[in-house]
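Worksheet: the structure to be examined is printed underneath.
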Amino acid sequence: MNNKKWLFFVFVIITTPLLSSTIEVCNNCSIKSLNEAIKLAKPNDVIKVKKGIYKETNIIIDKALTIIGENLPTIDGQLKGDLFKIIADNVIIKGFNIINVGKDFANSNTAIRIQRSKNFEISSNRFENILYAIYIEKSSKGKINNNKIYGNAITEINSGNGIHLWDCKSILITNNYIEKMRDGIYLEFASNCEVDNNISTKNIRYGLHFMFSNDNSYIKNKFINNGAGVAVMFSKNIKMLNNHFAKNWGTASYGLLLKEINDAEIRHNVFEENTIAINVEGSNRINYENNNFTSNGWALKVRGACYNNVFIKNNFLYNSFDVSWNTKMNDNLFKQNYWSEYTGYDLDLDGVGDVPYRPVKLFSYIVNKTPEAVILLRSLFINLVDFSEKVTPVFTPDFLIDDEPQMKPNI
Amino acid sequence: MYKILKYSFYDLIRSRWSFIYLLFYLLLGIVLLFLNSNLSNAIVTLLNVITVLVPLIGTIFGVMYYYDSKEFTELLLAQPIKRSNIFLGQYFGVAISLSISLIIGLGLPFMYYGLFVSDKIFEFLTLIIVGTFLTFIFTAISFFIAISFENKIKGFGVAILVWLLLAVIYDGIFLIFLVYFEQYPLDMFSLGAIMSNPIDLARTLMLLKLDISALLGYTGAVFKKFFGTNYGVILSYLVLIFWTIIPILGILWKSNKKDF
Amino acid sequence: MITFHDVKKDFGKLEVLKKINLKINQGGIFAILGPNGSGKTTLIKSILGMVIPQSGVIKIDNQNILKQWKYRENIDYLPQIANFPANLKVMELINMIKDIRKGNYRDQELIQLFRIIPFLDKKLGHLSGGTKQRVNLVLAFMFDSPLIILDEPTSGLDPVALIALKELIIKEKKAGKTIIITSHIMSFVEELSDEIVFILDGNIHFQGTISDLKKQTNQDNFEYAIASILKENYV
Chain A
223 MNNKKWLFFV FVIITTPLLS STIEVCNNCS IKSLNEAIKL AKPNDVIKVK KGIYKETNII
283 IDKALTIIGE NLPTIDGQLK GDLFKIIADN VIIKGFNIIN VGKDFANSNT AIRIQRSKNF
343 EISSNRFENI LYAIYIEKSS KGKINNNKIY GNAITEINSG NGIHLWDCKS ILITNNYIEK
403 MRDGIYLEFA SNCEVDNNIS TKNIRYGLHF MFSNDNSYIK NKFINNGAGV AVMFSKNIKM
463 LNNHFAKNWG TASYGLLLKE INDAEIRHNV FEENTIAINV EGSNRINYEN NNFTSNGWAL
523 KVRGACYNNV FIKNNFLYNS FDVSWNTKMN DNLFKQNYWS EYTGYDLDLD GVGDVPYRPV
583 KLFSYIVNKT PEAVILLRSL FINLVDFSEK VTPVFTPDFL IDDEPQMKPN I
Chain B
39 MYKILKYSFY DLIRSRWSFI YLLFYLLLGI VLLFLNSNLS NAIVTLLNVI TVLVPLIGTI
99 FGVMYYYDSK EFTELLLAQP IKRSNIFLGQ YFGVAISLSI SLIIGLGLPF MYYGLFVSDK
159 IFEFLTLIIV GTFLTFIFTA ISFFIAISFE NKIKGFGVAI LVWLLLAVIY DGIFLIFLVY
219 FEQYPLDMFS LGAIMSNPID LARTLMLLKL DISALLGYTG AVFKKFFGTN YGVILSYLVL
279 IFWTIIPILG ILWKSNKKDF
Chain C
3 MITFHDVKKD FGKLEVLKKI NLKINQGGIF AILGPNGSGK TTLIKSILGM VIPQSGVIKI
63 DNQNILKQWK YRENIDYLPQ IANFPANLKV MELINMIKDI RKGNYRDQEL IQLFRIIPFL
123 DKKLGHLSGG TKQRVNLVLA FMFDSPLIIL DEPTSGLDPV ALIALKELII KEKKAGKTII
183 ITSHIMSFVE ELSDEIVFIL DGNIHFQGTI SDLKKQTNQD NFEYAIASIL KENYV
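Taken in sequence, the protein lines are chains A, B and C.
To convert, take the position in the first sequence, counting from 1, and add 222; that gives our numbering.
To convert, take the position in the second sequence, counting from 1, and add 38; that gives our numbering.
To convert, take the position in the third sequence, counting from 1, and add 2; that gives our numbering.
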């Protein structure tokens, strides 16, 4: 019995290379186009494309193939519709410079479209002059890594997303660089996906966008100078850890936008110089822990009913406004945060301020109602108003309070 | 004029008060930088000091110097010197000596701290430039007021009142107006209101280098367009220059009519 | 020669000079007398351009002085109240005035004359009233100008300085200068002046020599003569 199994295994190892052959494509080879190579190839074959420029359209990959570009060959779609379309499992596309894909927004023209496939890998490609770069539908267990996507989106209406997932499971998106798309990375009805170590920047709408997507995580990404850094909407169980949100400036600009989110973890993130670091609407049971909010317009802006959120051990440093809260407190907790504007004392020297801190200022209420009033920020009059409100609170909620403000920033 | 300026300047530089003023800034700079680990925070505190204290000190010094040197002014008036040169000379003497106290007082601790190799240098420079403007503006306003009122107490009172008006009351009225008319578009009005008060204008220019740039987007397109571009900043500085020239012209006009 | 033609000046409701017509000839000592608030200082200051009349013309050597300043190169002026920048030293003040006003100066001999040497290094704020007045005198006479205007030069002076001042004034007169003096001290005026002007409530009530005045009022004593003019006008 055991011997037979062994024999079979050895047989497979020996015959596999024989079964899968390698096809070379180059400008001087007998096979001069990728499409031609795919037609000739049998499942599990390897196609190697040498350096050069290949004008192709409508590349349909319907069998398990490993397609590798050597020295970054260019596939030029000549602005005619979709380019790659993967409709088989076990496909690898690696090392191509993919340019000039069609701009038909109605058909969401895409450089690499993946439909109903498993175990795919798209890596180390470069995309330029495209509408969508990678569009994945009803697929699972794929890897998207080390790609560089350069968009040129100008308006939201006629632009596409960098990496677009729809109804997918277990997709790993790592180490990609995405700029100037509509959304850098977009997930809709996606679950168990991981988005790690990516840089998403200068996108018109969001750096990363979750819609109706549960049980996902994103870790150690950088979201810089987007319309908004990350938007998480109508989703559950999202882990947001060690990310960097910076310079997301504008009228509706956020580092992180949370809308109808439940049971999320937001830990060890850094929010720097965003108009609003985190904008929260109707979100419950979220743990905000050990985040750094530095030099934002607002660190936290909370609207709508939010229940059972915990803000613990965060650092609020030099924000124009730390917290704006226009709803009831609803069992939310602020504890052990460090507030750079805290002026209390610590007589027993236990590192915790002896006077509780109220992070909401009257002026932030005024600015919520009358945005133009922000121009009076840091004027003597406003300082007097805030001071008198601090001494005898009339307008600001007295339940919003940190009873254990730290004397030194949390590490 | 330069001779009068020179002597007024020397006179002030050696007075106890400008020494105290210099010492105050030195101390403030040292405390802010060395007892407070964060440079951004120090600069925000300085912003408050500069928008409040610099105009106040300029006002008080201007009025005091004018009334204190009245007899000496009369001595000068009998000399073959053009009237306007006497007053301009004294004015610039006060304004320059105050500005130098400000620049040295804040500059030394920041220099020692290693500001000039930090990326905060432009924020600091803006603070100093705007502070110098405010010194010139409020010294001129207070000189104008002092020339207009023979009575020292009255002149002093009016000058302080003008400071209070521009530093506090103006913003209060401005805010009430904004809240009251919130349903109307207020961008242009706000912009106008900011330009019409040198303290507000100075504060805004400093905020542009600090946190308001993150907030500008929130306030609407007009602000963003105006302050988000060099055009707006240059125009703001031009308005500050205008604000300096107007009370100086007032000094000239008053001094040419006045009897001594 | 200084001429006033219909010069009028009021400070609000108070009429200080009412259509003054006056001629002051070159050479000699010319005293302006009158009680407090009669307009003496205003008259002097309007010569210097420190007070600007509402109407009328003041000419010095046939030049209208309105809005001019160069003519002051030929005038030395001693203001009534000697108050100087408190932080300056005496020497610095003297040097400063010399610096501001170019011309021939003779500060050294005046410093000797008014005994200021021990104070040269002192700050003006630390000087007594009398010493300040002596410094004031040095500054006033320093430039050797043809017209000298002294407003209450005797106030606060000790006898030694007073004698020095008298001698200096006489010397200046002999040099052909015009000297205009206001003073309360009648003996001082009587002793020195060639011609007097008496003003009261903004009007000139007398102009002429002291003997003319005595004749006109039938008084042998100068002080009584002045008093009789005053009485005449207040009865």
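Note that the Cβ used here is the ideal one computed from N, Cα and C, for glycine as well.
Which residues DSSP lists as bridging residue i, in chain order
| i | result |
| --- | --- |
| residue 247(A) | 271(A) |
| residue 641(A) | Limits of chain A in this structure are 223 at one end and 633 at the other, which puts residue 641(A) out of reach. |
| residue 503(A) | 481(A), 525(A) |
| residue 561(A) | 538(A) |
| residue 431(A) | 408(A), 453(A) |
| residue 489(A) | 463(A), 511(A) |
| residue 520(A) | 498(A), 543(A) |
| residue 367(A) | 345(A), 396(A) |
| residue 203(C) | Looking at the DSSP assignment, residue 203(C) forms no beta bridge with any residue, so it has no partner. |
| residue 210(C) | 198(C) |
| residue 438(A) | 460(A) |
Contacts of residue i in chain A (Cβ-Cβ under 7 Å)
| i | result |
| --- | --- |
| residue 205(B) | 602 |
| residue 135(B) | Result: empty, since nearest Cβ-Cβ is about 25 Å, beyond 7 Å. |
| residue 66(B) | Simply none; closest approach about 17 Å. |
Chain C residues whose Cβ lies nearer than 7 Å to that of residue i
| i | result |
| --- | --- |
| residue 45(B) | 98 |
| residue 53(B) | 89 |
C-beta neighbour in chain B for residue i, strict 8 Å
| i | result |
| --- | --- |
| residue 491(A) | no |
| residue 42(C) | no |
| residue 52(C) | yes |
| residue 72(C) | yes |
| residue 102(C) | yes |
| residue 47(C) | yes |
| residue 294(A) | no |
| residue 599(A) | yes |
| residue 614(A) | no |
| residue 523(A) | no |
| residue 315(A) | no |
Closer than 8 Å to chain A by CB, residue i
| i | result |
| --- | --- |
| residue 270(B) | no |
| residue 21(B) | Outside the shown range of chain B, which is 39 to 298, sits residue 21(B), and nothing can be said about it. |
| residue 212(B) | yes |
| residue 106(B) | no |
| residue 228(B) | yes |
| residue 92(B) | no |
| residue 217(B) | yes |
As assigned by DSSP and simplified to three states, the class of residue i
| i | result |
| --- | --- |
| residue 484(A) | strand |
| residue 604(A) | helix |
| residue 121(B) | helix |
| residue 472(A) | coil |
| residue 17(C) | strand |
| residue 33(C) | strand |
| residue 556(A) | strand |
| residue 216(C) | helix |
| residue 384(A) | coil |
| residue 107(C) | coil |
| residue 192(C) | helix |
| residue 219(B) | coil |
Interface partners of residue i on chain A, CB under 9 Å
| i | result |
| --- | --- |
| residue 84(B) | The contacting residues do not exist; residue 84(B) stays about 11 Å from chain A at best. |
Under 8 Å from the C-beta of residue i: neighbouring residues of chain B
| i | result |
| --- | --- |
| residue 476(A) | Going along chain B, no residue has its Cβ under 8 Å from residue 476(A), so there is no contact; the nearest lies around 11 Å. |
| residue 75(C) | 118 |
8 Å Cβ cutoff, residue i in contact with chain C
| i | result |
| --- | --- |
| residue 186(B) | no |
| residue 34(B) | No answer is possible for residue 34(B): it lies beyond the span of chain B, which begins at 39 and ends at 298. |
| residue 117(B) | yes |
| residue 298(B) | yes |
Under 8 Å by beta carbon: chain C residues contacting residue i
| i | result |
| --- | --- |
| residue 109(B) | 81, 83, 84, 85, 86 |
| residue 49(B) | 87, 89, 90 |
Beta-carbon neighbours of residue i, restricted to chain A and to distances below 8 Å
| i | result |
| --- | --- |
| residue 112(B) | Those within 8 Å of residue 112(B) in chain A number zero; the least Cβ separation is about 38 Å. |
Chain-ordered chain C contacts of residue i [CB-CB under 9 Å]
| i | result |
| --- | --- |
| residue 41(B) | 98, 101, 102 |
Curious, which full-length alpha helix (DSSP H) runs of at least 4 residues does the stretch 42 to 108 of chain C contain? 42 to 50, 92 to 102
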